[in-house]
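Taking it in order: structure first as structure tokens, then the write-up.
2 protein chains.
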Amino acid sequence: MKAEIIAVGSELLTPDRVDTNSLFLTLELNRLGFVVTRKTVVGDRNDDVRDAFRDALARVEVVIASGGLGPTQDDLTREAVAQLLGRKLVRDDAVMSSIEERFRKLGRTMAEVNRRQAMVPEGADVLKNSRGTAPGLWIESNGRVVVLLPGVPTELKALFTERVGPRLARRAGATRLHYRELRTTGLTESEVEQHIAPIYTAYTSAETTILASPGEIQIHLRAWSDDSSAAESMLQEMTERITLALGEHLFTTRGESLEEVAGRELMMNHATIATAESCTGGLLAQRLTRIPGSSTYFLGGVVCYSNHLKSAWVDVPGALLEAKGAVSPEVARALAEGIRRRTGATLGAGITGIAGPGGGTPEKPVGLVHIALADATGSKERVLQFPGDRERIRWFASQIALDMVRQYFLYARQTSSSVDKRPGINAAAERNTSKS
Amino acid sequence: MKAEIIAVGSELLTPDRVDTNSLFLTLELNRLGFVVTRKTVVGDRNDDVRDAFRDALARVEVVIASGGLGPTQDDLTREAVAQLLGRKLVRDDAVMSSIEERFRKLGRTMAEVNRRQAMVPEGADVLKNSRGTAPGLWIESNGRVVVLLPGVPTELKALFTERVGPRLARRAGATRLHYRELRTTGLTESEVEQHIAPIYTAYTSAETTILASPGEIQIHLRAWSDDSSAAESMLQEMTERITLALGEHLFTTRGESLEEVAGRELMMNHATIATAESCTGGLLAQRLTRIPGSSTYFLGGVVCYSNHLKSAWVDVPGALLEAKGAVSPEVARALAEGIRRRTGATLGAGITGIAGPGGGTPEKPVGLVHIALADATGSKERVLQFPGDRERIRWFASQIALDMVRQYFLYARQTSSSVDKRPGINAAAERNTSKS
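As you go down the protein sequences, you meet chains A and B in turn. In this text, residue positions in the first sequence follow this note's numbering: the first is 1, and each later residue adds one. In this text, residue positions in the second sequence follow this note's numbering: the first is 1001, and each later residue adds one.
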């Protein structure tokens, strides 16, 4: 079954705001078995709003709209839809008293304009909004359904989940969307495509999308089916074949972030980590600690921009800094080994590089980054030359560091059945693509 | 003059991707004097694409579209538009040879499918794409203009800037968009509204939008006018009146980030900073070092999650941690003072709190954060109870810390005409809203 999404609001036609409610709505609609065939954004003009609904209702059975339900003159979705469907707007006493109640509880006087929010098209079902004053509306007309929701994301999400989804489910067919999200790192988009095209093209009933984001390529598998177990086992089979094809580059089949995966490895292996960052300026520590519960494995980190602090905090020898320069494989290793020694962590990560835009030289250009990981047996280092601006270079570098943590445990498992007997960082060195 | 934007691509109708090209296009169109009145997203189906263009051309003079110009069967914008306008598709030899040339340079063989990209609707002007194989197309029909651009953002931006903008400028009227972006912190959306509504409502020829994001309220002022100097001086006057009304809460009138503003203050005052973070896990350091050139004022930072490291790295007394707990005003101050002492920075910032979701208690609930700033004369501390999830709490905390840095220099200027004579951190304490 088909659905369209309409977002109402002049602010969504400015360079400042994009309609993101439609991402949530699409996911929920897909799960219920509705394909979204069009999204429209219109401003706060009565004719534009009315025409958008008219056109959508001529094409599809379900139209979900967000925005334009507030109390001000600009909020005219109610009026435009009532007009289009030839319904009068009538005052709903239950809505009125719930708005009054809301203001009473907040200890405020209700402004006169809020009365507008109690006006609903005749025959509409009111969907109670527990988080705001604008109720949602469910309107049926000629076998079609129009759902009006407030534009505030938290209110829209709660209303859809609690009131709209269950009602739509009863109208939906048996077809549902089944879904997998795989993520890889260390491969380009075309390398991923090359590796997996022979696999996914063989599954004509699944849609495969390859999406590139900095330092990460995602593979989204979608199957629409009325046979849940057949669809799930097909996706499972695809996932397994892709996993084999991509090997160590695949880090999740469940849409997790790299810091989630690295964090889980640390936790499962009862290992701890500490970080010493220069050019990434705390980004690696910040990503590791984004994860709830990370305090069990993240001990601490330092951001040592100056050479003085590199020596003072993690014992990078002044002579080494002088001889090799702050951006060098040796200093990356010294950072990783030093922070590990200072904190007593299982692993130490060190990053040094030139994030730009200034500071590059012909020998050490902007984008050059050395990343090292140390354990009790020593350290390994990778050097990379990243493209892009400061933000991208820093992100890429943190991505590689997290991936080195993940791969550390991967190799430990491959070379030994017991984690306790893992042979240390150098055992993996020969299998590594590191240049140094 | 009015324009509509159409984005073509089934991936834009999934829960994964939102059309962001339209933000860039809207800004550029606005600058040229075009109002965007509708945005439409359609999938890769010939009828849907054709209908979207048909409807848009019935409403406005200029339609800008992105996507669907690639080499595969899915890419059918060219065909659908040619069909709608009753034009044949003809091979453009210049496009053909430029695609062949591109493949030759990359040392690859051109796939047969790429020939499709050389097919253009009769009478269309080809807009050479220097960054990819898909050229843009400029098609005029019945006094209307259709511009087709590739969906890849870098290619779309370059093509628009180099080839489309200048041509549209010749068609545009004298009306242009004039624009200011003000940002505040420390006020809620409704407080901002209350302070500035009496001002902006008096300027009926300017549009004012108030946008809330975590820890920050933005005020966007827009004026459409064919009289540049009148519009600019009106916006200048509005900006000055709003600046007065919001006082210290306003941190930029030029759309800068808080870390940019705090960084500029540090740089202009020849001051340096160092950070000691617990719950924010490096986010503050990371934000400070996002800014190019931050190495001139950011000395370094530590992320000390464990009590042991709080003592080892910034000399927080073990007895203090025991007596007051790690999340306490005293420990926040000790972190700020300790990191300042250890690094010799002008200012030290300390953050300790409970980012959740675990770790809260009735006395110290999730969202409780203590933030301290130290200088040579002592330290000041703020305690806040933030709403939301881990990510929001951490962001809010970093926002307050950056704002304390900004306000530090603000008060220094207010209390002394010379920065060198600034009276130190405690002079500002009585004017601060801090609870402790």
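Ideal placement from N, C-alpha and C gives every residue a C-beta, glycine not left out.
Would you kindly check if the distance between the Cβ of residue j and the Cβ of residue i is under 8 Å?
| i | j | result |
| --- | --- | --- |
| ALA401 of chain A | LEU284 of chain A | yes |
| LEU69 of chain A | VAL41 of chain A | no |
| THR1185 of chain B | GLN1414 of chain B | no |
| ILE217 of chain A | ALA245 of chain A | no |
| ARG439 of chain A | ALA355 of chain A | Since the first residue shown for chain A is 1 and the last is 436, residue 439 of chain A is missing from the structure and cannot be characterised. |
| ALA1276 of chain B | GLY1301 of chain B | yes |
| GLY293 of chain A | GLY1358 of chain B | yes |
| ILE1446 of chain B | LEU1149 of chain B | Shown here, chain B extends from 1001 to 1436; a query on residue 1446 of chain B therefore has no answer. |
| VAL303 of chain A | GLY338 of chain A | no |
| GLY173 of chain A | ASP227 of chain A | no |
| VAL1327 of chain B | LEU1266 of chain B | no |
| VAL1316 of chain B | ALA1334 of chain B | yes |
| LEU1347 of chain B | ARG1341 of chain B | no |
| VAL147 of chain A | VAL126 of chain A | no |
| SER10 of chain A | ASP44 of chain A | yes |
| ILE351 of chain A | ALA323 of chain A | no |
| HIS1178 of chain B | GLU1237 of chain B | no |
Who are the Cβ neighbours of residue i in its own chain at under 7 Å, not counting the five residues just before and after it?
| i | result |
| --- | --- |
| VAL1049 of chain B | VAL1008, VAL1042, GLY1068, LEU1076, THR1077, ALA1080 |
| PRO329 of chain A | HIS370, GLU381, VAL383, SER436 |
| SER22 of chain A | ILE5, ALA7, LYS39 |
| ARG87 of chain A | PRO121, GLU122, GLY123 |
| ARG1290 of chain B | GLU1259 |
| SER1295 of chain B | none |
Please work out which residues of its chain come closer than 6 Å, Cβ to Cβ, to residue i, disregarding the five sequence neighbours upstream and downstream, and give them in chain order.
| i | result |
| --- | --- |
| GLU1168 of chain B | The sequence as given places Leu at residue 1168 of chain B; Glu does not occur at that position. Answer for LEU1168 of chain B: LEU1032, listed in chain order. |
| ARG1038 of chain B | GLU1004 |
| VAL1090 of chain B | GLU1122 |
| THR1209 of chain B | HIS1220 |
| GLU1207 of chain B | ARG1222 |
| VAL261 of chain A | PHE251, THR252, ARG406 |
| THR1239 of chain B | ARG1180, THR1253 |
Since residue i meets chain B, which of its residues come closer than 8 Å, beta carbon to beta carbon?
| i | result |
| --- | --- |
| ASN11 of chain A | According to the sequence provided, residue 11 of chain A is Glu. The question's Asn does not apply to it. Within 8 Å Cβ-Cβ: THR1209, LEU1211. |
| HIS220 of chain A | THR1014, ASP1016 |
In or out: residue i buried (at least 16 other Cβ within 10 Å) or exposed?
| i | result |
| --- | --- |
| MET268 of chain A | exposed |
| ARG108 of chain A | exposed |
| ALA274 of chain A | buried |
| GLU1430 of chain B | Unreliable positioning characterises GLU1430 of chain B in this predicted model, as indicated by a pLDDT of 36, which lies under 50. The coordinate reading is nonetheless provided below. Classification of GLU1430 of chain B: exposed, given that the 10 Å Cβ count is below 16. |
| ASN1114 of chain B | buried |
| ASN1046 of chain B | exposed |
| ARG1222 of chain B | buried |
| GLY1136 of chain B | buried |
| LYS128 of chain A | exposed |
| ASP93 of chain A | exposed |
| LYS310 of chain A | buried |
| SER1229 of chain B | exposed |
| GLN1030 of chain B | Checking the displayed sequence, the identity of residue 1030 of chain B turns out to be Asn instead of Gln. By the 10 Å Cβ count, ASN1030 of chain B comes out buried. |
| GLU1140 of chain B | exposed |
How would you list, in chain order, the residues of chain E whose beta-carbon sits under 7 Å from the beta-carbon of residue i?
| i | result |
| --- | --- |
| LEU1057 of chain B | Within the model displayed, chain E is absent; protein chains A and B are what it includes. |
Output, in chain order, the set of chain A residues within a Cβ distance shorter than 8 Å of residue i.
| i | result |
| --- | --- |
| LEU1309 of chain B | LEU299, GLY300, THR343 |
| ASP1048 of chain B | THR37, ARG38 |
| ASN1114 of chain B | Per Cβ cutoff of 8 Å: no residues; ASN1114 of chain B is ~15 Å from chain A at best. |
Might you give, ordered along the chain, the residues of its own chain that have their beta carbon closer than 8 Å to the beta carbon of residue i, omitting 5 neighbours on each side?
| i | result |
| --- | --- |
| TYR1305 of chain B | SER1278, GLY1281 |
| LEU1187 of chain B | HIS1195, ILE1217, LEU1246, HIS1249 |
Would you mind telling me which residues of chain B sit closer than 9 Å to residue i, beta carbon to beta carbon, in chain order?
| i | result |
| --- | --- |
| VAL42 of chain A | THR1037, ARG1038, LYS1039 |
| GLU237 of chain A | Near GLU237 of chain A there are no residues of chain B at all, since even the closest Cβ is about 22 Å away, more than 9 Å. |
| GLU391 of chain A | ARG1290 |
At a CB-CB cut-off below 7 Å, which residues of chain A make contact with residue i?
| i | result |
| --- | --- |
| GLN1286 of chain B | GLY281, GLY282, LEU283, GLN286 |
| ASN1030 of chain B | PRO15 |
Can you list the residues of chain B that residue i reaches, using a CB-CB cut of under 7 Å?
| i | result |
| --- | --- |
| LEU27 of chain A | PRO1015 |
| SER306 of chain A | LEU1299, GLY1300 |
Any heavy atom of the ligand MG within a distance shorter than 7 Å of the CB on residue i?
| i | result |
| --- | --- |
| ALA172 of chain A | Although the ligand MG was asked about, the structure shown includes no ligands whatsoever. |
- Unbroken stretches of the beta strand (DSSP E), 3 residues or longer, contained in the segment 1066 to 1139 of chain B: 1089 to 1091, 1119 to 1121, 1125 to 1127
- Item | Those runs of the alpha helix (DSSP H) which lie wholly inside the segment 1164 to 1213 of chain B and span at least 4 residues | 1165 to 1171, 1189 to 1200
- What are the complete alpha helix (DSSP H) segments, minimum 4 residues, inside the segment 1350 to 1403 of chain B? Correct list: empty.
- Could you pull out every unbroken alpha helix (DSSP H) segment of at least 4 residues lying fully inside the segment 1257 to 1283 of chain B, listed in chain order? 1258 to 1268
- Query: Which full runs of the alpha helix (DSSP H) of 4+ residues lie inside the segment 287 to 359 of chain A, going along the chain?
  - Reply: 307 to 314, 318 to 324, 329 to 343
- Message: For a minimum of 4 consecutive residues, which ranges assigned as the alpha helix (DSSP H) are wholly contained in the segment 1014 to 1057 of chain B?
- Response: 1021 to 1032
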